[in-house]
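Asks: Take a look at the following structure, please.
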Amino acid sequence: MALIETRSLTVGFGDPPLLENITFQIERGERICLLGRNGTGKSTLLKVIDGKLFPDSGEVLYQNAVTVASLPQDVPEGDDGSIFDVIAVGLGAVGQSLVQFNRLATHKGNLSPDEKKLRDHLQQDLDAKGGWDLTRQVEETLSRMRLEPKASFSTLSAGMKRRTLFARAVASAPDVLLLDEPTNHLDIDSILWMEDYILRFVKTLLFVTHDRAFLKKIATRVLELDRGSLSSYSCNYDTYLQRRAAALEAEAAQNAQFDKKLSREESWIRQGIKARRTRNEGRVRALEKMRETARARRKKTGNVRFDIQEAQRTGKLVIEASHISASYEGAAFIQNFSTLILRGDKVGIIGPNGAGKTTLLNILLKKLPPDSGSVRHGTHLQVAYFDQLRDQLDEQKNVRDNIVEGNDFIVFNGEKRHVISHLKDFLFSPERCRTPVHVLSGGEKNRLLLAKLFTRPANVIILDEPTNDLDAETLELLEERLFDFSGTLLMVSHDRAFLNNVVTSTIVFEGGGVLTEYAGGYDDWLLQRPALKTMPSNDKKEKKNTVPSEKPVKSQRLGYMEERELAALPRKIEALESEQKSLYGIMTDPSFYKMERSEITRIKSSLETLERDIESAYERWEALESKKGNR
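The opening residue of the sequence shown carries number 33 in my numbering; numbering runs sequentially from there.
What follows is the structure, encoded as structure tokens:
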């Protein structure tokens with residue numbers, strides 16, 4: 033029996049319903065990614081499965097005693113106290129009693145008689161309900177997640193709050209974990225750590241994400257929400273894209289055939305008297321059914337369409353930073369860094385949360401002065417800035433007034449254009465244009481900020497975390513537009529796929545105030561330095577507890593073919609690494625990014641295949657060596 037089964041779920045916030053007759057199962061051990069355009073109902077479906085929202089019709093069936101925990105897309109308001117408290121409170125009534133007891137037990141000063149009575153009552157209740165086991169459970173989770181239990185939750189960064197809420201979701205070891213955009217606000221180290229944690233400790237998972245690298249690493253099945261309906265693809269992401277494209281092509285052909293027949297029948301009915309003859313009544317009834325089918329057909333959500341207005345070209349020099357340093361509260365986060373950014377460069381900035389990436393942008397833009405060193409700008413710079421906090425949006429104004437207030441037109445590439453037409457390109461209907469910004473989803477707010485950003489000509493674009501909450505189709509179009517943009521781009525991002533597809537160089541915060549510049553995107557950086565270290569496992573005790581049923585493998589002898597394979601592996605690895613080095617030499621050549629896009633893609637794809645082959649060869653070598661050593 034499935035852990036969770038939904039039957040004919042329908043949820044409507046209007047006509048047509050957001051979710052319509054949704055039926056699917058979650059089997060034990062599946063890691064399912066739920067995909068769909070912004071606004072298709074992904075978060076709504078997660079809330080229904082979690083029991084936080086009731087469907088208009090249909091039901092959700094749970095296997096006996098199955099437990100579910102969730103990580104919402106946004107950080108809930110009102111969470112306070114320490115990290116320990118936030119995790120414990122999320123574990124139910126016993127956890128809340130534990131938090132209350134701890135506060136009374138550690139209270140400075142004398143307790144009133146009523147408080148002492150409550151403390152004693154809570155202690156008895158915790159003794160009876162196994163509350164101290166819960167304490168150990170929370171502490172083990174804190175240790176695994178490298179969280180400081182006494183730190184105040186309210187003072188944490190957005191990324192650390194997300195990690196704490198993730199810890200709360202997994203602390204109860206749920207049978208099914210629901211994650212809504214789990215990588216939002218996380219830096220690359222944290223995302224890599226989360227991937228590793230899920231693969232090691234989380235058995236069954238349903239998640240929503242815009243992070244394609246995370247999706248490819250985690251998902252074993254893909255569900256797609258489209259126009260209220262759900263489709264299942266038991267395959268990886270790349271295969272899903274191929275099958276989905278084929279399905280859409282078949283649907284378009286079927287609709288075209290249907291429309292042609294409907295048009296023919298409509299022409300026939302207009303002939304009048306002939307259509308009302310008795311022998312044609314069946315044909316008339318069939319036409320009515322076809323009309324009803326046509327009315328009920330839900331059109332596929334359109335794609336975002338936009339272009340970037342390019343201003344006059346800058347001079348060859350755009351930004352030159354010479355020996356800049358900066359510190360915060362006595363700690364240096366930039367030390368003696370120099371860089372030269374020329375016209376047409378597309379620079380990614382990578383680093384942990386709190387490292388100073390946004391501050392570096394502001395220093396390079398001369399919005400903040402460095403402690404030492406200098407920044408020089410070239411000529412004719414016209415900057416468009418996308419800030420991750422969306423400070424440029426007025427939450428109380430509606431969508432339209434955030435683009436133009438008191439005016440109906442914008443000037444786009446020298447021509448007047450109605451603001452509603454411009455917003456339609458970003459999937460805002462005329463009705464949605466009158467909606468206050470504060471009720472928009474995160475994806476809609478980011479689309480609106482892009483719509484605002486591209487109303488003005490620019491030759492330098494600054495993007496600070498632009499990918500959060502955007503769906504895959506919008507991300508891919510943004511990648512194309514930025515790739516074709518002839519101006520200069522500086523971008524802070526934790527989206528590895530986005531970095532790989534857009535930037536030509538990366539500035540990386542290496543720690544201790546050291547910044548290093550590398551050619552290429554995220555994967556190119558990994559080739560040029562040791563692989564990123566994800567958060568290590570806690571200790572030997574933790575490893576022992578995670579696989580209690582694992583038995584040691586008995587040693588075996590190498591067979592004849594295995595002996596030959598082991599002897600040949602060093603030469604095979606050497607040949608693969610030589611080919612890898614050759615491709616790397618091509619990619620580090622400045623002329624590489626002047627090639628045709630198809631050639632760039634082919635070379636990067638070849639490199640990815642080589643990396644997988646090298647990794648597999650090393651793993652096989654280690655396995656055979658280990659087997660040989662156990663003889």
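We put the CB at the ideal spot given by N, CA and C, even for glycine. Every value quoted in this text rests on a predicted model; they were computed, and no experiment measured them.
(1) One question on the structure: do L78 and S204 come within less than 8 Å of each other, judged by their Cβ atoms?
(2) Considering only C-alpha positions, which residue in the set A326, E595, L372 is nearest to M288?
(3) What number of angstroms, rounded off, separates the C-alpha of V436 from the C-alpha of V126?
(4) Shorter than 8 Å from the beta carbon of F86 to some beta carbon of chain C?
(5) Less than 8 Å between the CB atoms is what I'm expecting for Q424 and A490, so what's the real figure, rounded?
(6) Once the 5 residues before and after S13 are set aside, which same chain residues still bring their CB inside 7 Å of it?
(7) According to DSSP, is R408 helix, strand or coil?
(8) Going by the beta-carbon positions, is the gap between Q612 and I646 smaller than 8 Å?
(9) Just to confirm before moving on: does the CB-CB distance between V131 and R200 stay below 8 Å?
(10) Would the region 452 to 459 and the region 469 to 483 be scored as touching if the rule is three or more Cβ pairs under 8 Å?
(11) Can you grab the Cα-Cα spacing for the pair Y94 / S295, in whole Å?
(12) Using the Cβ count rule (16 or more neighbours within 10 Å means buried), how would you classify W557?
(13) Count the other C-beta atoms from every protein chain shown that fall within 10 angstroms of the C-beta of F86, then say buried if there are 16 or more, exposed otherwise.
(14) Secondary structure at G68, three-state DSSP: helix, strand or coil?
(15) Where does the unbroken beta strand (DSSP E) through N368 begin, and where does it stop?
(16) Ends of the beta strand (DSSP E) at F56?
(17) Indicate the three-state DSSP secondary structure (helix, strand or coil) for I340 in the structure shown.
(18) Use the C-beta contact count for H526: other C-beta atoms within 10 angstroms, 16 or more gives buried, fewer gives exposed.
(19) Give me the Cα-Cα distance between R230 and R63, rounded to the nearest whole angstrom.
(20) Between the alpha carbons of V534 and L514, how many angstroms are there, rounded?
(21) Can you tell me the Cα-Cα spacing of M226 and L559, whole angstroms?
(22) What did DSSP end up calling E542 once you bin it into helix, strand or coil?
(23) For the alpha helix (DSSP H) holding M226, just list the boundary residues, first then last.
(24) So for F486, helix, strand or coil by DSSP?
(25) In chain order, what residues of the same chain have a beta carbon less than 8 Å from the beta carbon of L41, not counting five sequence neighbours either side?
(26) Using a Cβ-Cβ cut-off of 8 Å (strictly less than) and excluding sequence neighbours within five positions of R449, which residues of its own chain qualify?
(27) Pick out whichever of H139, V202, V407, C65 has its Cα sitting closest to the Cα of I351.
(28) Which same chain residues, not among the five before or five after E37, have their C-beta less than 7 Å away from its C-beta?
(29) Here's a check: name, in chain order, each residue in its chain whose Cβ is nearer than 6 Å to the Cβ of D501, leaving out the five neighbours to either side.
(30) Are the region 650 to 659 and the region 601 to 615 touching, with three or more C-beta to C-beta distances below 8 Å?
(31) Would you tell me roughly how many angstroms separate the C-alpha atoms of V100 and Q341, rounded to the nearest one?
(32) Have a look at G44, Q128, H355 and flag the residue whose alpha-carbon is nearest the alpha-carbon of V546.
(33) Can you tell me the Cα-Cα spacing of I382 and P468, whole angstroms?
(34) On the criterion of 16 or more Cβ atoms from any shown chain inside 10 Å, does F530 qualify as buried, or is it exposed?
(35) Hey, quick one: how far does the beta strand (DSSP E) through H217 stretch, first residue to last?
(36) Please name the residue, chosen from R194, V492, K398, T236, that lies closest to P104 on a Cα-to-Cα basis.
Replies: So, to answer that:
(1) no
(2) The displayed chain sequence assigns Ala, not Met, to residue 288. When each option's Cα is compared against that of A288, the closest is A326.
(3) 53 Å
(4) Going by chain labels, chain C is absent from the structure shown, which holds only one protein chain.
(5) Contact doesn't hold; Cβ gap of about 14 Å is too wide.
(6) The structure shown has nothing for residue 13, since the chain only spans 33 to 663.
(7) strand
(8) yes
(9) no
(10) The region 452 to 459 is in contact with the region 469 to 483.
(11) The alpha-carbon atoms of Y94 and S295 are separated by roughly 47 Å.
(12) buried
(13) exposed
(14) strand
(15) 363 to 374
(16) Going by DSSP, F56 is part of the beta strand (DSSP E) stretching over 51 to 58.
(17) Note: I340 maps to coil in three-state DSSP.
(18) buried
(19) The sequence given here places Ile at residue 230; Arg does not occur at that position. If you take the alpha carbons of I230 and R63, they lie about 9 Å apart.
(20) 7 Å
(21) 22 Å
(22) strand
(23) 220 to 233
(24) Three-state result, F486: coil.
(25) L51, N53, I54, T55, L77, V80, P87, S89, G90, E91, V92
(26) F441, I442, V443
(27) V407
(28) Q57, L93
(29) G474, G475, N478
(30) yes
(31) 48 Å
(32) H355
(33) 34 Å
(34) buried
(35) Element bounds for H217: n/a, residue is neither H nor E.
(36) R194
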